[in-house]
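The block underneath contains the structure these notes are about, expressed in structure tokens.
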Amino acid sequence: VQLQASGGGLVQAGGFLRLSCAASGMRSISVMGWYRQAPGKQRELVAEITSGGQLNYADSVKGRFSISQDNTKNTVYLQMDSLKPEDTAVYYCRMYAKNLLYREYWGQGTLVTVSS
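Heads up: the sequence shown is residues 8 to 123, going by my numbering.
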């Protein structure tokens, strides 16, 4: 079982990035999501999407970020627009999925840096 995240980088404020996270080795995925952790802060939910398409966003990203999934590829995306310096963090994908049993899985993290 593996989650492979990509798409982070350095961008100026107001810019955009798209993160991707592909899962392999899972039989069924219930929830896909993105979390982030800024230096000195706790990890927090950014956005998540269920297999049925229900969405949940942190208030701080509503209207700017959009989460989507491609179930045929077991991939979740995070489109981040109008980025702000306070969005700077390591972004982690998380999936609640079943290999033998349902449990959560975490990707390795991808760094997003937004310069002012």
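Just so it is clear, CB atoms sit at the ideal spot from N, CA and C, and this is done for glycine as well. Computed from a predicted structure; not experimentally measured.
- Listed in chain order, the non-local C-beta contacts of I74 below 6 Å within the same chain comprise A54, I56 and L85, local neighbours out to five positions each way being set aside.
- Counting C-beta atoms within 10 angstroms of its own C-beta, Q115 has fewer than 16 neighbours from the protein chains shown and is therefore classed as exposed.
- Three or more Cβ pairs drawn from the stretch 20-35 and the stretch 76-91 lie within less than 8 Å of each other, which places the two stretches in contact.
- Cβ-Cβ separation between M33 and N78: approximately 11 Å, too far for a contact (criterion under 8 Å).
- Spatial neighbours of Y99 in its own chain (CB-CB distance under 6 Å, excluding positions within 5 residues in sequence) are listed in chain order as Y42, W113, G114 and G116.
- In the displayed model, S89 falls within coil according to three-state DSSP, outside both helix and strand.
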